[in-house]
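These notes concern the structure reproduced below.
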Amino acid sequence: MMVQKLALSGDEAIAYAVKQCDVDLVAAYPITPQTIIVEKISEFVANGEFDGEFIPVESEHSALSTCVGGSLTGARVFTATASQGLALMHEILYAASGLRTPIVMAIVNRALNSPLSIHNDHADMMGSRDCGWIQIYVENVQEAYDRIIFSFKLAEREDVLLPVTVNLDAFFLSHNVESVELIEDGVVKKFLGRPKRKYRLDPDEPYSFGAMAYPWNCFEFKYQQVVAMRNAYKAFDEVEDEFSKISGRKYGKLGKYWTDDADYLMFIMGSSAGTAKYAARLMRQEGLKVGVVSVKLYRPFPEKEILEVLEGKKGIAVMDRSISFGAPTPPLASDIRSVMFANDMKVPMMSFVYGMGGRDFSVQDARNIFEMLMKKDPSEYPKETIYYGVKA
Amino acid sequence: MSYKPIRTLFELPTEENLAPGHRMCSGCGVTVGVRQILLAAPKDVIVVTATGCLEVSTVAYPYTAWRCPWVHVAFENAAAVASGIEAALKALERKGYGKRHPVIAFGGDGGTYDIGIQALSGALERGHRFLYVCYDNEAYMNTGIQRSGGTPYGTWTTTTPFGKVRPGKTEVKKNLMGIVVAHGIPYAATASISHWKDLMNKVRKALSCDGPSFIHLLTPCNRGWRFDPAQTIRIAKLAVETRYFPLYEVENGVYRITVPVPRPKPIEEFIKAQGRLRHLLRPEYADALATFKKQVEDYYSYVEMMTKATSSK
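Going line by line, the protein sequences match chains C and F. So that you can map any letter, position 99 of the first sequence is 99 in my numbering, and since no number is skipped, the others follow by simple counting. So that you can map any letter, position 87 of the second sequence is 1087 in my numbering, and since no number is skipped, the others follow by simple counting.
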């Protein structure tokens, strides 16, 4: 197998993956910092390298609506957005999952207005976290590329048929150039195949999609999505195994870094996981037993894996790059606390909100947080979320 | 435009894509219109419907009245959903995975004039090959007769009641055709359910376009317009005969009145037949009646003027 290596930004890497996935329809609306994805796909179209349809729609609402319509014909469909764009799509996110359309969407995570910020945090995806989509976060550009290909395979499984978001951090990944190993076109095509969809808009076998349900059957529709999410949880590992065969790469639901013998763990999502890992490596050289858990699959939530990794730890820091205003803790901290409570596990936990609106999260910041964990007696960890680095 | 015109009822197919047994109201103008449109369309049509009367009344799970592939996604996005279907089928056909089919999107006046105008404008501008039908019953009927951008001046609705200081709606009915035509699409037309042959041939013509087409269909609603359900077609006909709703088409920018009304019936006949407008005939609303009449006359003159202005094109 010939391995092609290219220097690509996160956005470009995603466009390359889309080109290789035999995608039939891309409908998207430009928004910083997602623009490079649509610009690159447009370039592929202009050069005859992409034979799907690219629809430059007039809004994100229409982008996702166009994708839903397209997907229901049985076509393979992709879109990408960020921030306000995802917020504008919110209504249709639920329609896409309810109609069981296996759309793959790249979300370049960016802060939500107001105040206006084009920089990174996870408020956009977290604001739509209950929309019924599988939600994957990536740490680097290679992972962004790989996860697009992986996601089509996962989404299109008959026992799943759910849309997937691949989340990458604004600028830190979207515009950062890294070396990316591309999989051969033919290998990707063979890996994905063209799974036949039983239910689609086909005059030879007509179905009605998007019916009105009454209180005596609406609940059952929603429950089918619950079942599909459970199936996705199981299918995830199978698809990873298959993907590792063509790529030699495997990421897992959780990225575990020096977790086995660690006393203290940091749970974190997205590109800052890389920063945290580097800090942990430096601290390990000093003999400090710290480790990092990168939460890569956020929905369905990797409950079992989280419990396993928590076993026997002295203290954990849970890092959220979004705020749940007025809530006891932000999203990831709430999920981890809930998983622990339901399983009679009580690892002392500190919840942090960090990096809002693109505030940098440095190696020193990661180190500071580990030191807070280690210096304090775990029984005295503050119960309230710490807004790390805010100038109060 | 090459299409096969319909001349007699005998030429219509006997099988319909909208089956009986749906839950639309008796005397509903929309149902009559949709049946006529689908009878004129090829059998392999794919239908998109915006949220509204037509949607909620034809697909009460586990039942469906649609014999053709049908989809509803939301209120404001029928044109965007249709865009996606059209474009995806185009790609599938090119790649040898599938086949293109005609696509018709139905939206009410709320879903077209108001909340769906952006998606419609985008789809028309992008040039997708599909027919968009606005079934205009001149208010949000599904939610209980609230005013829309398509509600005419002086009309009673539950959000524009007439009272001591107001005569009903105080704004003009939006010129939807003007907006659509401004996109420079190959074909746009108005139609009335009372003139079935005119409507059906417009559908045939619209679907023969290699690009977007639009039909603005007047569909009287006995619940919202306040008249006897047996009178639906008569009211629709009066709308044409009084020049309230001129029937015309715009083919590649050229306007043509398809049902000329040289000697219009008095507009009062249209007004007095409906509870939503009848108050305009009371002495205290004399000014409002004059405004209503003037708007009807102005619109008809506008269509005549456009016909004249584009005749040499």
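Glycine included, every Cβ here is placed at the ideal spot set by N, Cα and C.
Taken atom to atom, the span from the alpha-carbon of F/Cys1221 to that of F/Gly1154 is near 17 angstroms.
Beta-bridge pairing by DSSP links C/Phe301 to no other residue.
Between F/Ile1215 and F/Val1133, the gap from beta carbon to beta carbon is short of 7 angstroms. Put simply, the CB of C/Phe209 is near chain F, with a gap under 7 angstroms to one of its CB atoms. One Cα belongs to C/Asp335, the other to C/Phe341, and the distance between them is close to 10 angstroms.
Closer than 7 angstroms at the C-beta level to chain C, one finds these residues of the segment 1020–1047 of chain F: Asp1044 and Ile1046. A check of alpha carbon separations from C/Trp216 across F/Val1030, F/Pro1062 and F/Met1024 identifies F/Pro1062 as the nearest. Closest option to F/Trp1225, judged by alpha-carbon separation, among F/Ala1188, F/Ser1311 and F/His1279: F/His1279.
Cβ neighbours of F/Val1071 within its own chain (closer than 8 angstroms, five residues either side excluded): Ile1046, Val1047, Val1048, Thr1049, Val1081 and Ile1085. Here DSSP, grouped into helix, strand and coil, assigns C/Gln224 to helix. The segment 222–232 of chain C makes no contact with the segment 107–125 of chain C; the number of CB pairs closer than 8 angstroms stays below 3. Counting only runs that start and end inside the segment 83–148 of chain C, the alpha helix (DSSP H) elements of at least 4 residues fall at 83–98 and 123–127.
In terms of CA proximity to F/Tyr1140, F/Gly1110 leads the group F/Pro1069, F/Arg1126 and F/Gly1110. Of all alpha-carbon atoms in F/Asn1252, F/Ala1309, F/Thr1242 and F/Arg1263, the one lying nearest the alpha-carbon of F/Lys1272 is that of F/Thr1242. If you draw a straight line from the Cα of C/Val3 to the Cα of F/Tyr1135, it comes to about 56 angstroms.
Looking from the CA of C/Ile316, the closest CA among C/Leu307, C/Val166 and C/Glu158 belongs to C/Leu307.
The beta strand (DSSP E) runs of length 3 or more contained entirely in the segment 1212–1277 of chain F are, from start to end of the chain, 1213–1218, 1248–1251 and 1254–1257. Among the bridge pairs identified by DSSP, C/Asp320 is matched with C/Val353. Taking C/Ala276 as the centre and dropping the five residues before and after it, the same chain places the C-beta of Met266, Ile268, Val292 and Ala366 closer than 6 angstroms to its C-beta, in chain order. Sequence-distant partners of F/Leu1238 (beyond 5 residues in either direction) whose C-beta falls short of 8 angstroms from its own C-beta, in its chain, are Tyr1244, Lys1265, Glu1269, Phe1270 and Ala1273. Taking 8 angstroms as the upper bound for CB-CB distance, C/Gln20 and C/Ile136 are not in contact here, some 18 angstroms apart.
Residue state for C/Asp169 is assigned as strand, using DSSP reduced to three classes. Every unbroken stretch of the beta strand (DSSP E) spanning 3 or more residues and falling wholly within the segment 1027–1078 of chain F is given here in chain order: 1046–1049. Per DSSP, reduced to three states, the secondary structure at F/Gly1107 is strand.
Spatial neighbours of F/Ser1213 in its own chain (CB-CB distance under 6 angstroms, excluding positions within 5 residues in sequence) are listed in chain order as Leu1131, Tyr1187 and Ala1206.
In the three-state reduction of the DSSP assignment, F/Asp1136 falls in the strand class, which pools E and B. Cα atoms of F/Thr1143 and F/Gly1052: separation of roughly 8 angstroms, rounded to the nearest angstrom. In this structure the segment 1145–1153 of chain F lies against the segment 1289–1301 of chain F, because at least three pairs of beta carbons, one per stretch, are closer than 8 angstroms. Rounded to the nearest angstrom, the gap between the Cα atoms of C/Glu60 and F/Lys1090 is 22 angstroms. Within the segment 84–117 of chain C, the residues whose Cβ lies closer than 9 angstroms to any Cβ of chain F are, in chain order, Glu91, Ile92, Ala95, Ala96 and Leu99. By alpha-carbon distance to F/Thr1157, the top candidate from F/Lys1169, F/Val1165, F/Ser1057 and F/Gly1163 is F/Lys1169. Taking 7 angstroms as the threshold, the shortest C-beta distance from F/Pro1069 to chain C falls below it. Non-local C-beta neighbours of C/Ala155 in its own chain, meaning closer than 8 angstroms and more than five positions away in sequence, comprise Pro102, Ile103, Val104, Ile134, Leu161, Leu162, Pro163 and Val164, ordered along the chain. Check the Cα spacing between C/Ala273 and each of C/Phe209, C/Cys131, C/Glu143 and C/Val45: the tightest is with C/Glu143. Under the Cβ criterion of 7 angstroms, F/Val1059 is counted among the residues facing chain C.
Under the 7 angstroms criterion on CB atoms, F/Ile1085 is classed as interfacial with respect to chain C.
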